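Enquirer:
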Amino acid sequence: MIAFLIDADNFSSPAWIDEAFQTLERTEGSISIRRAYGSAENLKGLADTLRIWAVRPFVNLPLPKNTTDISLAVDAMELACMAPRPKLVVVGSGDLDFVPLVVRLRERGIKVVCVTERSKMAQDAVPAYDQVIYVGGDQVDRPKAVEPKPMATAPVRAVTKKAATKSPVVKTASPKPAAAKKAVAKKVPAKKTTGAASDAVTVPRILAAVPNLKAGQWQPLGDVAKVLHDEKLLAKSATSTKLFKKFPHHFELMPAGKPNQVRFILPPQ
Numbered sequence: 290m291i292a293f294l295i296d297a298d299n300f301s302s303p304a305w306i307d308e309a310f311q312t313l314e315r316t317e318g319s320i321s322i323r324r325a326y327g328s329a330e331n332l333k334g335l336a337d338t339l340r341i342w343a344v345r346p347f348v349n350l351p352l353p354k355n356t357t358d359i360s361l362a363v364d365a366m367e368l369a370c371m372a373p374r375p376k377l378v379v380v381g382s383g384d385l386d387f388v389p390l391v392v393r394l395r396e397r398g399i400k401v402v403c404v405t406e407r408s409k410m411a412q413d414a415v416p417a418y419d420q421v422i423y424v425g426g427d428q429v430d431r432p433k434a435v436e437p438k439p440m441a442t443a444p445v446r447a448v449t450k451k452a453a454t455k456s457p458v459v460k461t462a463s464p465k466p467a468a469a470k471k472a473v474a475k476k477v478p479a480k481k482t483t484g485a486a487s488d489a490v491t492v493p494r495i496l497a498a499v500p501n502l503k504a505g506q507w508q509p510l511g512d513v514a515k516v517l518h519d520e521k522l523l524a525k526s527a528t529s530t531k532l533f534k535k536f537p538h539h540f541e542l543m544p545a546g547k548p549n550q551v552r553f554i555l556p557p558q
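Dropping the structure here:
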């Protein structure tokens, strides 16, 4: 059983939540417990996204800072005492305040993962988690173990030794430059295909995938982003806001700070 607990006062972008669910379901599996904690104002801004992903909102009292964090922590410990308890708890927040909670959950044998946007992550909290997943266009998974580094150096030493033993043969043989050219030729087309794929998304293709936009009415950004992901017009690690900002004369986002609505700008008649 997996539990995803979201601090909506910190992890407050619909696009971030969409990306978080997609990443977690792809890497960890189905999420059984889905909850979002925050003020009424922040939860209202996430209403469409929470509805799409079937997340239960828990409205916090309008009190000073940290009350949302404590509400989330209390529920997390309650889940840890259940039978059966979750095998994985995902905290949707980069706040340093959750470190004591993470330690207690780990002591009970529960794996704890953090999902947040890079600028929201308190670096002192990173070592406490088993894994940190960044969303918002710069997605990087950081596992807790640091053992792969010495393993990476071992093959490098072996390669240098082989190169040293083959050096006298290189003087008489000439096919090695040709092999180098082949390696370069293989790398170049890979980069070109990536660029072509990114340029394939156009305004007509977006409108064809989401016909509701053609009316020029405001549409929930989360719904539109889900369709674009399903139609392969939006990469799993990309955000819909960045895509629409590439076409400022065709699409408008609202509100400006943390948009959750989008509409197509109809051409003048």
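For the sequence shown, position 249 matches number 538 in our numbering, and the numbering has no gaps at all. For every residue, glycine included, the Cβ atom is placed at its ideal position computed from N, Cα and C. Quick caveat: nothing in here was measured; it's all calculated off a predicted structure.
Applying the criterion that 16 or more other CB atoms from any shown protein chain within 10 Å of the CB defines a buried residue, is Arg324 buried or exposed?
Expert: As a first step, residue 324 must be located in the sequence shown, where it is residue number 35. Label assigned to Arg324: buried.
Enquirer: Quick one: what does DSSP say Thr405 is sitting in, helix, strand or coil?
Expert: Here residue 405 is taken as the residue at index 116 of the sequence shown, counted from 1. The answer is strand: DSSP assigns Thr405 an E or B state.
Enquirer: From the DSSP output, read off the bridge partner residues of Gly381.
Expert: Locating residue 381 in the sequence shown gives position 92, where the first residue counts as 1. According to DSSP, Gly381 bridges with Ile295.
Enquirer: Counting only the same chain and skipping the five closest in sequence on each side, list residues whose C-beta sits under 8 Å from that of His538.
Expert: The residue labelled residue 538 in the question sits at position 249 within the sequence shown. Excluding residues within five positions, the ones whose Cβ falls inside 8 Å are Ile554.
Enquirer: Between Ile399 and chain D, is any beta-carbon pair separated by less than 9 Å?
Expert: Absence of chain D from the displayed structure is noted, only one protein chain being present.
Enquirer: Of the residues Phe387, Val388, Val391, Val379, which one's Cα is nearest the Cα of Val402?
Expert: Translated into positions along the sequence shown, residue 402 becomes position 113. For the residues Phe387, Val388, Val391, Val379, the minimum Cα distance to Val402 belongs to Val379.
Enquirer: Secondary structure at Lys376, three-state DSSP: helix, strand or coil?
Expert: Along the sequence shown, read from residue 1 onward, the residue named residue 376 stands at position 87. Of the three classes helix, strand and coil, the one that applies to Lys376 here is coil, per DSSP.
Enquirer: Could you spell out the range, first to last residue, of the beta strand (DSSP E) harbouring Glu541?
Expert: Residue 541 sits at position 252 when you count from the first residue of the sequence shown. Per DSSP, Glu541 belongs to the beta strand (DSSP E) from 540-543.
Enquirer: By DSSP's criteria, Lys400 is part of a beta bridge. Which residues make up the other side?
Expert: Counted from its first residue, the sequence shown places residue 400 at position 111. According to DSSP, Lys400 bridges with Leu377.
Enquirer: Can we say the segment 332-339 touches the segment 535-551, given the rule of at least three CB pairs closer than 8 Å?
Expert: At 8 Å Cβ cutoff, the stretches touch.
Enquirer: Since I believe Ala309 is in contact with Val421 (beta carbons under 8 Å), could you give me their beta-carbon distance rounded to a whole number of angstroms?
Expert: In the sequence shown, residue 421 corresponds to position 132, counting from 1. In the sequence shown, residue 309 corresponds to position 20, counting from 1. No, Val421 and Ala309 are not in contact; Cβ-Cβ is about 12 Å, not under 8 Å.
Enquirer: Enumerate in chain order the residues of its own chain whose CB-to-CB distance from Lys505 is below 8 Å, with the five nearest sequence positions on each side excluded.
Expert: Walking along the sequence shown from the start, residue 505 turns up at place 216. Looking at the sequence itself, residue 505 is Gly, so the reference to Lys does not match. Cβ neighbours of Gly505 beyond the five flanking positions: Arg552, Phe553, Ile554, Leu555.
Enquirer: Tell me Ile322's beta-bridge partners as DSSP assigns them.
Expert: For the purposes of this step, residue 322 is taken as residue 33 along the sequence shown, with counting starting at 1. DSSP, once it has assigned bridges, lists Ala292 as partnering Ile322.
Enquirer: Taking the alpha-carbon positions, what's the Arg395 to Trp507 distance?
Expert: Numbered from 1 along the sequence shown, position 106 holds the residue referred to as residue 395. Numbered from 1 along the sequence shown, position 218 holds the residue referred to as residue 507. Near 44 Å, if we compare the C-alpha coordinates of Trp507 and Arg395.
Enquirer: Using CA coordinates, which residue listed in Phe540, Lys521, Asn331, Ala343 is at the minimum distance from Phe293?
Expert: Here residue 293 refers to the residue found at position 4 of the sequence shown. Answer by Cα proximity: Ala343.
Enquirer: Identify which residue in Tyr423, Asp307, Gly398 has its Cα closest to the Cα of Met410.
Expert: Here residue 410 refers to the residue found at position 121 when the sequence shown is read from its first residue. The residue with the shortest Cα to Cα distance from Met410 is Tyr423.
Enquirer: Quick check on this structure: which residue in Pro493, Thr491, Val490, Lys534 has the alpha carbon closest to the alpha carbon of Leu570?
Expert: The structure shown has nothing for residue 570, since the chain only spans 290 to 558.
Enquirer: Does DSSP classify Ile242 as helix, strand or coil?
Expert: With the chain covering only 290 through 558, there is no way to say anything about residue 242.
Enquirer: Spatial neighbours of Glu436 within its chain, please: CB distance less than 8 Å, with the 5 preceding and 5 following residues excluded, ordered by chain position.
Expert: Along the sequence shown, one-based indexing puts residue 436 at 147. Caution is warranted here: a pLDDT of 49 is assigned to Glu436, below 50, making its placement in the model unreliable, and the coordinate value is therefore given only provisionally. Correct list: empty, nothing qualifies.
Enquirer: On a Cα-Cα basis, can you pick out the residue from Ile341, Leu352, Arg393, Asp384 that is closest to Val363?
Expert: By one-based count along the sequence shown, residue 363 stands at place 74. Of the candidates Ile341, Leu352, Arg393, Asp384, the one whose C-alpha sits nearest the C-alpha of Val363 is Arg393.
Enquirer: If Val490 and Leu532 are in contact, beta carbons under 8 Å, what's the gap, nearest whole angstrom?
Expert: Residue numbering aside, residue 490 sits at position 201 when the sequence shown is read from its first letter. Residue numbering aside, residue 532 sits at position 243 when the sequence shown is read from its first letter. Correct: roughly 7 Å between the Cβ atoms.
Enquirer: I'd like the list of long-range same chain contacts for Thr357, defined as Cβ closer than 7 Å, with 5 residues on each side in sequence excluded.
Expert: Counting from 1 along the sequence shown, the entry for residue 357 is found at position 68. Asp296, Asp298, Tyr326, Gly327, Asn349.
Enquirer: May I ask you to report which of helix, strand or coil DSSP gives Phe300?
Expert: Indexing the sequence shown from 1 puts residue 300 at position 11. Coil, per DSSP.
Enquirer: On the CB-based measure, 16 or more other CB atoms within 10 Å of its CB, does Glu367 come out buried or exposed?
Expert: What you label residue 367 is simply residue 78 of the sequence shown in a count that begins at 1. Glu367 comes out exposed.
Enquirer: Please name the residue or residues paired with Gly334 in a DSSP beta bridge.
Expert: Here the question's residue 334 lines up with position 45 in the sequence shown. Answer by DSSP bridge pairing: none, since Gly334 is not bridged.
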